[in-house]
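As structure tokens, the structure follows; a few thoughts come after it.
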Amino acid sequence: MELYKQVFSELDDGQRYVWLNLDIDMVSIGSRVSFGTFKPVAHMIKRLKFERENQTEYFYHFESKDMLGFVNAEEIHVVCQDGFWDWHQAIEEHGWPCSAENIFFIDVDKGLMMNGIELEKMCDDEFEALQRQYDEEDAEEARILFEELTTLED
Numbered sequence: 094m095e096l097y098k099q100v101f102s103e104l105d106d107g108q109r110y111v112w113l114n115l116d117i118d119m120v121s122i123g124s125r126v127s128f129g130t131f132k133p134v135a136h137m138i139k140r141l142k143f144e145r146e147n148q149t150e151y152f153y154h155f156e157s158k159d160m161l162g163f164v165n166a167e168e169i170h171v172v173c174q175d176g177f178w179d180w181h182q183a184i185e186e187h188g189w190p191c192s193a194e195n196i197f198f199i200d201v202d203k204g205l206m207m208n209g210i211e212l213e214k215m216c217d218d219e220f221e222a223l224q225r226q227y228d229e230e231d232a233e234e235a236r237i238l239f240e241e242l243t244t245l246e247d
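Numbering-wise (the numbering used here), the sequence shown opens with residue 94 and increments by one.
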């Protein structure tokens, strides 16, 4: 039984290849190699890792659509170059070939990794807390303004 096979010769002139066990190995394409480069072999990849900024126009509007070519991906790791907040709602905004619980977002600066469901909950909770804080501050400013207005009427 062969654990590792020569794969990805389709990406070049057939003279080069890598040894991989596609059932267990993570294929990491970094930040510079586009998904389109892997189009001929994308269907073979089960575990994918890449680094991107979600707010980059090219990735957000164009390259993200190429993720759907990885039709057999069971697990995806995303190194969030622009931090977790910029990936909030990426689960809904982009097409992903696997479920949200199998998409892992990594914030290298914070040393954190969480799946898509956890990321959405964390960001939603933080947003709601900020919104409550803003609402309280607005209510206090309105109270003070109202007090000043009633004082002027006296």
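No residue lacks a Cβ here, since even glycine has one placed at the ideal position from N, Cα and C.
Is the beta carbon of Asp-159 less than 9 Å from the beta carbon of Phe-128?
The residue labelled residue 159 in the question sits at position 66 within the sequence shown. The residue labelled residue 128 in the question sits at position 35 within the sequence shown. In contact: Asp-159 and Phe-128 (Cβ atoms closer than 9 Å).
Taking contact to mean 3 or more Cβ pairs, one atom from each stretch, closer than 8 Å, check whether the region 140 to 150 and the region 169 to 176 are in contact. yes
- Sorted by chain position, which residues of the same chain lie with C-beta nearer than 6 Å to Ala-135's C-beta, five sequence neighbours on each side aside? Position 42 of the sequence shown holds residue 135. Cβ neighbours of Ala-135 beyond the five flanking positions: Gly-162 and Phe-163.
**Item:** Spatially closest choice to Ile-169 from Met-119, Asn-114 and Ser-102, by CA coordinates
**Value:** Within the sequence shown, numbered from 1, the residue matching residue 169 stands at position 76. Measuring from the Cα of Ile-169, the nearest candidate turns out to be Met-119.
| task | Below 8 Å CB to CB, which residues in the same chain sit around Glu-230 once its five sequence neighbours on both sides are set aside? | result | Working through the sequence shown from its first residue, we reach residue 230 at position 137. So the list is empty, once near-sequence residues are dropped.
Note to self: Would you call the region 186 to 198 in contact with the region 208 to 224, where contact means no fewer than 3 C-beta pairs closer than 8 Å?
What the structure shows: yes
Residue nearest to Gln-95 in terms of C-alpha spacing, selected from Lys-132, Leu-113, Glu-167 and Gln-226
Here residue 95 is taken as the residue at index 2 of the sequence shown, counted from 1. Reading off the sequence shown, one finds Glu at residue 95, where the question assumed Gln. Ranking Lys-132, Leu-113, Glu-167 and Gln-226 by Cα distance to Glu-95 puts Leu-113 first.
TODO: Tell me whether Asn-208 sits in a helix, a strand or coil according to DSSP, three-state version.
DONE: By 1-based counting over the sequence shown, the position of residue 208 is 115. Shown here, Asn-208 sits in a strand according to DSSP, grouped into three states.
- Item | For Met-137 and Leu-40, believed in contact at Cβ under 8 Å, the rounded distance | Because the chain spans 94 through 247 in this model, residue 40 falls outside it and cannot be assessed.
query: What are the residues that DSSP puts in a beta bridge with Gln-99?
result: Taking the sequence shown and counting its residues from 1, one reaches residue 99 at position 6. DSSP lists Trp-112 as partners of Gln-99.
Notebook entry, point to check: Under 9 Å between the Cβ atoms of Leu-141 and Ile-122?
Noted result: Counting from 1 along the sequence shown, the entry for residue 141 is found at position 48. Counting from 1 along the sequence shown, the entry for residue 122 is found at position 29. Yes; because the gap between Cβ atoms is below 9 Å, this pair is in contact.
If I'm right that Lys-139 touches Asn-165 with Cβ under 8 Å, what's the distance once you round it to whole angstroms?
Position 46 of the sequence shown holds residue 139. Position 72 of the sequence shown holds residue 165. That belief holds up - the Cβ atoms of Lys-139 and Asn-165 are roughly 6 Å apart, short of 8 Å.
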